[in-house]
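Enquirer: Here you go, one structure.
Protein chains: 2
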Amino acid sequence: VSRIALDAMGGDHAPSETVAGAVEAASEGIDVVLVGDRDRLGDELRGLGADLPIRHAPETIGMAEDPARAVRAKAGSSIVVCGRMVRDGDVAGFVSAGSTGAAMATAAILVGRVAGVSRPTIASVIPKPSGRHTVVLDAGANPEVKPEHLVEFAMMGSVLAEVYHPVVRARVGLLSNGEERGKGRTLEKEAYALLEAAPIDFIGNVEGRDLASDRVDVIVTDGFTGNVLLKTTEGVAGMVAAMVVGRLSALTESTRREALAALAPLREQLDYENTGGAHLLGVKGVVVIAHGSSTRVSVRNALHVAAEGADRDLVARVTARIGIR
Amino acid sequence: VSRIALDAMGGDHAPSETVAGAVEAASEGIDVVLVGDRDRLGDELRGLGADLPIRHAPETIGMAEDPARAVRAKAGSSIVVCGRMVRDGDVAGFVSAGSTGAAMATAAILVGRVAGVSRPTIASVIPKPSGRHTVVLDAGANPEVKPEHLVEFAMMGSVLAEVYHPVVRARVGLLSNGEERGKGRTLEKEAYALLEAAPIDFIGNVEGRDLASDRVDVIVTDGFTGNVLLKTTEGVAGMVAAMVVGRLSALTESTRREALAALAPLREQLDYENTGGAHLLGVKGVVVIAHGSSTRVSVRNALHVAAEGADRDLVARVTARIGIR
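Line by line, the protein sequences give chains A and B.
Count along the first sequence starting at 1, add 980, and that's the number in the numbering used here.
Count along the second sequence starting at 1, add 980, and that's the number in the numbering used here.
This is the structure we're talking about:
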């Protein structure tokens, strides 16, 4: 199967934006099933003059709830129903813009970890100026890790880079506070030797600025540092873009309009929120976690990302790669 | 005294750029003494038709040497002579673009820690779009820290923000992977309670994107994460700037020239390498660490930063603040 379940009740703008995004994705060939309250989803579909399969789920899990407890207690919640559908083979995976914690707990409890994976990890795919991409992981699932977890991340991130992007063999860098060997905390020093011995193309330490460079395809770090790296990137890109637009206001109206038109494609290129969500790697199904603030565009993009993961056998390839350790 | 010693032999472009930067700073009223090889510095000065006091130091410490060992072994090195001059009260502080490790070791061994400071820390001052600044510390001196060290950083960073910038009372944020209380690693969770109890204006957790926002004046974190934050900021700002310039090439020549002229002031605003160096806080003298790749502009700026620190009694104020715990 390559059908994808959408947690249609998850996210700040659910269900109106989630349903609208699903309708767009379906019109582009994605096989999607909406999971959530039957009546509300039916209303949204009617409003759009569209028809999509619905799997009823009467409950929801809020952002403030304890994820693991809520997942165990609410068998009828939209995210838990998504997880059961993956477990039962009804769908290849699910997309959620709801609580990241609940999505991770659902994946761990219902979908299950790939044999040999001790820590499933969130992988963000960041576009570079060259048109290539950098996979950054862990993006926030595991704030504190051991050196051997970084090796798992490196192997799974390599698969993701090789599956999605025109990379024959992904080059993996270890995020550190300097390029020289021996830089870093105890974590990086111990992980360095393990990464050298792992079946990956390890290029050594890299720095935050390498996110934009073409010398590395996969950057591994703990989930705390990865989260800081990604949020800083978003923040600085937005800041510089705002400063540029501010400066151009000094120009005459027509020159300004021409300059802004020339810069317009950058807006999309730097719009990290709309890249469509991050993969949760290391579980026995395709799981894509979208931004809580996802609009219909982000939801549509996330469904495409999930469908590609299913079509390209992402889970089977991760399983095979982890097996060769 | 408010005289500043310059390690004229430190940095990728020493001594030509260091001497040129010192000559510029001196012409702007900074009282600077060059420290390094008497003959080479004399030659540089003659080439510029300038005259500045020189303190002879026949040796240098290379980037690859073990810092603490080299500082103990090379009593005649330019950085060690700088440290002795601070210790003996000949100068208020020193600036170095040489090995950061050697500058830190010199500060610890010769200048000495302020009573009550267990970990001197490097504080970077980052310009914001609004014209205000954010102090980020630790920027790399201490890759692994304990919660109580973050409290020291917060207090010293508050002094720096209040001394240099128009801030009555600096607002301090703890860098974490989310704003809610309870986010972060064990380090952040334990530090949160200590920061609440400290004599500072603690606003809670902040994220990487807050570097550019006006809601926080001081961001505290460990030296590993701080280094990643700062290098990512540098890298992304440079990347976006390059993408903007690339896009503008699609315009006609005259429109392009107008747009680039309007954007020119941003180049300086985003040029983190030329901000003039970071303060090493918590030692009994003004110590400013400049980028290894410093040009004359960076060296001049760093000397201004150091002279301001001396004029505004930075060290006495840090000492007083740390004493009120």
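Glycine is no exception: its CB is placed at the ideal position from the N, C-alpha and C atoms.
Could you tell me whether the stretch 1078-1089 of chain B touches the stretch 1173-1180 of chain B, using the rule of 3 or more Cβ pairs below 8 Å?
Expert: no
Enquirer: To the nearest angstrom, report how far apart residue 952 (chain B) and residue 1093 (chain B) are at their CA atoms.
Expert: As displayed, chain B neither begins before 981 nor continues past 1305, which places residue 952 (chain B) out of reach and without an answer.
Enquirer: Taking 7 Å as the CB-CB cut-off, is residue 1204 (chain A) touching chain B?
Expert: yes
Enquirer: Have a look at residue 1025 (chain B) and residue 1255 (chain B) and give me their C-alpha separation to the nearest angstrom.
Expert: 25 Å
Enquirer: On the three-state DSSP scale, how would you describe residue 1094 (chain A)?
Expert: coil
Enquirer: Would you verify that the beta carbon of residue 1217 (chain B) is, or is not, closer than 7 Å to some beta carbon of chain A?
Expert: yes
Enquirer: Taking residue 1203 (chain A) and residue 1120 (chain A) to be in contact with their CB atoms under 8 Å, please state how far apart those CB atoms are, rounded to whole angstroms.
Expert: The pair is a contact, with the Cβ atoms about 5 Å apart (cut-off 8 Å).
Enquirer: With a floor of 4 residues, list each alpha helix (DSSP H) that falls wholly inside the stretch 1165-1189 of chain B, ordered by position along the chain.
Expert: 1166-1177
Enquirer: Identify the contact partners of residue 1255 (chain A) in chain B, using a Cβ-Cβ distance below 7 Å as the criterion.
Expert: By Cβ distance, chain B contributes nothing, its closest Cβ being about 15 Å from residue 1255 (chain A), past 7 Å.
Enquirer: Given a cut-off of 7 Å, decide if residue 1114 (chain B) and residue 1269 (chain B) are closer than it, judged by their beta-carbon atoms.
Expert: For residue 1269 (chain B) and residue 1114 (chain B), no; Cβs fall outside 7 Å.
Enquirer: Measuring CA to CA, which of B:1296, B:1288, B:1292 and B:1283 is closest to residue 1000 (chain B)?
Expert: Taking residue 1000 (chain B) as reference, the option from B:1296, B:1288, B:1292 and B:1283 with the minimal CA-CA separation is B:1283.
Enquirer: With residue 1035 (chain B) and residue 1015 (chain B) assumed to form a contact (beta carbons below 8 Å), what rounded beta-carbon distance in angstroms separates them?
Expert: Confirmed, about 5 Å.
Enquirer: Report back the beta-carbon spacing between residue 935 (chain B) and residue 1187 (chain A) to the nearest angstrom; my notes put them in contact at under 8 Å.
Expert: Residue 935 (chain B) is absent from the model: chain B starts at 981 and stops at 1305.
Enquirer: Along chain B, in chain order, which residues have C-beta atoms closer than 9 Å to that of residue 1208 (chain A)?
Expert: 1155, 1156, 1157, 1187, 1188, 1201, 1205, 1208, 1209 and 1212
Enquirer: Straight-line CA distance for residue 1199 (chain A) to residue 1117 (chain A)?
Expert: 6 Å
Enquirer: Check whether the stretch 1223-1243 of chain B and the stretch 1131-1151 of chain B touch, using three or more Cβ-Cβ pairs below 8 Å as the test.
Expert: No, the stretch 1223-1243 of chain B does not touch the stretch 1131-1151 of chain B.
Enquirer: Show which residues of chain A have a CB atom less than 8 Å away from the CB atom of residue 1227 (chain B).
Expert: 1242, 1243, 1245 and 1246
Enquirer: Can you give me, in chain order, the residues of the stretch 1089-1110 of chain A that have a beta carbon less than 9 Å from any beta carbon in chain B?
Expert: Listed in sequence order: 1108 and 1109.
Enquirer: Hey, could you find the ends of the alpha helix (DSSP H) residue 1302 (chain B) is sitting in?
Expert: 1294-1303
Enquirer: With 7 Å as the threshold, decide whether the Cβ of residue 1268 (chain B) is near any Cβ in chain A.
Expert: It does not; no Cβ of chain A falls within 7 Å.
Enquirer: Do the CB positions of residue 1182 (chain A) and residue 1152 (chain A) come within less than 7 Å of each other?
Expert: yes
Enquirer: Starting from the C-beta of residue 1250 (chain A), find all residues in its chain whose C-beta is less than 7 Å away, skip the five residues before and the five after it, and write them out in chain order.
Expert: Closer than 7 Å at the Cβ level, and outside the excluded window around residue 1250 (chain A), lie 1217 and 1221.
Enquirer: Along chain A, in chain order, which residues have C-beta atoms closer than 9 Å to that of residue 1164 (chain B)?
Expert: What residue 1164 (chain B) touches in chain A: 1123 and 1204.
Enquirer: Considering only residues of the stretch 1015-1051 of chain A, which uninterrupted beta strand (DSSP E) runs meet the minimum length of 3 residues and lie entirely inside it, listed in chain order?
Expert: 1034-1036
Enquirer: Checking the sheet assignment: what are the DSSP bridge partners for residue 1074 (chain B)?
Expert: B:985 and B:1267
Enquirer: In this structure, does DSSP put residue 1123 (chain B) in helix, strand or coil?
Expert: coil
Enquirer: Would you say residue 1116 (chain B) reaches chain A, if we count a Cβ-Cβ gap shorter than 7 Å as a contact?
Expert: no
Enquirer: Starting from residue 993 (chain A), trace the alpha helix (DSSP H) in both directions and tell me its first and last residue.
Expert: Here residue 993 (chain A) belongs to no alpha helix (DSSP H), and DSSP marks it neither H nor E.
Enquirer: In three-state terms, what does DSSP make of residue 1232 (chain B)?
Expert: coil
Enquirer: Which same chain residues, not among the five before or five after residue 1178 (chain B), have their C-beta less than 8 Å away from its C-beta?
Expert: The beta carbon of residue 1178 (chain B) sits closer than 8 Å to the beta carbons of 1131, 1134, 1135 and 1305 from its chain, once the five residues preceding and following it are set aside; these are given in chain order.
Enquirer: Taking the continuous alpha helix (DSSP H) assigned at residue 1059 (chain A), which residues delimit it?
Expert: 1058-1067
Enquirer: Measuring only the C-alpha atoms, how far is residue 926 (chain B) from residue 1259 (chain B)?
Expert: Outside the shown range of chain B, which is 981 to 1305, sits residue 926 (chain B), and nothing can be said about it.
Enquirer: In three-state DSSP terms, what is residue 1104 (chain B)?
Expert: strand
Enquirer: Does the beta carbon of residue 1050 (chain B) come closer than 7 Å to any beta carbon on chain A?
Expert: no
Enquirer: Of all the options A:986, A:1127 and A:1140, which has the alpha carbon lying nearest to the alpha carbon of residue 1010 (chain A)?
Expert: A:986
Enquirer: Suppose you measure from the CA of residue 1138 (chain A) to the CA of residue 1295 (chain A); what does that come to, to the nearest Å?
Expert: 13 Å
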